[in-house]
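In the working numbering, the protein residues as written are 109 to 355. No residue lacks a Cβ here, since even glycine has one placed at the ideal position from N, Cα and C. Keep in mind it's a predicted model, so treat the numbers as computed, not measured. Here the structure is laid out as structure tokens; the discussion comes afterwards.
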Amino acid sequence: MASRLEINFIRLLSRCESIASEKRGETEWRLEKYVGALEEMLVALKKNPSKPTPEILTEYIKKVDFLKGLLEAEKLSSPTEKALANQFLAPGRTPTVANERNSATKMVHMQTKARCTGEMRDELLGTVRCGSQGLPLDERQSAAELDAVLQHHHNLQEKLAEDMLNLARNLKNNSLAAQSIIKQDNQTLSQSMRQADLNFEKLKTESERLEQHTKKSVNWLLWIMLILVSFTFISMILFIRIFPRLR
């Protein structure tokens, strides 16, 4: 069960993701303050005796780092620098709250990438259009071609993101299949070890029975030899008594 500190952390993290998904002005200060509070709560959460599992804690750290990187990227002056910085951000993989279908940070990442690409496109087109007024028709066509190139580049980025998502899905499926095979092998190995233990116990029991049987056989042989020796001794005595030595 999640602690009170973890519940408050999740609520604040969900709020930060909601603010990050909105278009913010330069005077917006809440997100930066909230992310700072998230960092402090994350440090306390790591020291909490009832802290979450390492996997969940790693996901929390990844989401907070993503929000920090998003704020740092927004402080850059050039749209090109912003787009490049956003390429290196790593969003969380799992939803923060139960009613989310997909990871909110992943959606924020996609929105931010699209926004940065649009800003970079507007900057390039604005520069071209400012200088294209009164220019010949072929230069205006160059501006249109640049717009088409940028759109093509955006489509390639979306296709690359989709391919990476499919690759990650395939890797996950292969990993699950490998885990299933390893689990079956472990079960087979465990059954073999149990069978070997049973065979060892049976062998031990049969060895003890054989040892007991061997001891009994030796005892009977010893008694038979004693009887034969006694009989021989008594027979000699009787023979001497019955047939005295000749003088």
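Beta-carbon spacing of residue i, residue j below 8 Å
i: Met149; j: Asn194; result: no
i: Pro187; j: Glu227; result: yes
i: Thr213; j: His262; result: no
i: Leu146; j: Lys154; result: no
i: Lys190; j: Val143; result: no
i: Leu178; j: Glu140; result: no
i: Ser158; j: Ser111; result: yes
Buried versus exposed, by CB contacts within 10 Å (16 or more), residue i
i: Thr220; result: buried
i: Ser211; result: buried
i: Arg229; result: buried
i: Thr296; result: exposed
i: Ala128; result: buried
i: Leu334; result: exposed
i: Glu285; result: What sits at residue 285 in the sequence shown is Ala, not Glu. Under this definition Ala285 is an exposed residue.
i: Val216; result: buried
i: Leu279; result: exposed
i: Glu130; result: exposed
i: Ala181; result: buried
i: Glu270; result: exposed
i: Glu125; result: buried
DSSP state of residue i mapped onto helix, strand, coil
i: Glu130; result: coil
i: Pro162; result: helix
i: Thr202; result: coil
i: Ala110; result: coil
i: Lys183; result: coil
i: Glu270; result: helix
i: Arg223; result: helix
i: Leu197; result: coil
i: Trp137; result: coil
i: Glu319; result: helix
i: Phe363; result: The structure shown does not extend to residue 363, since the chain is modelled only from 109 to 355, so the question has no answer here.
i: Leu284; result: helix
i: Asn210; result: coil
i: Phe308; result: helix
i: Phe351; result: coil
i: Asn156; result: coil
i: Leu329; result: helix
Cβ-Cβ separation, residue j to residue i (assumed contact under 8 Å), whole Å
i: Phe174; j: Leu197; result: 6 Å
i: Glu167; j: Arg201; result: 7 Å
i: Phe113; j: Asn156; result: Going by the sequence as given, residue 113 is Leu instead of Phe. The pair is a contact, with the Cβ atoms about 6 Å apart (cut-off 8 Å).
i: Val172; j: Ile118; result: The pair is not a contact, with the Cβ atoms about 12 Å apart (cut-off 8 Å).
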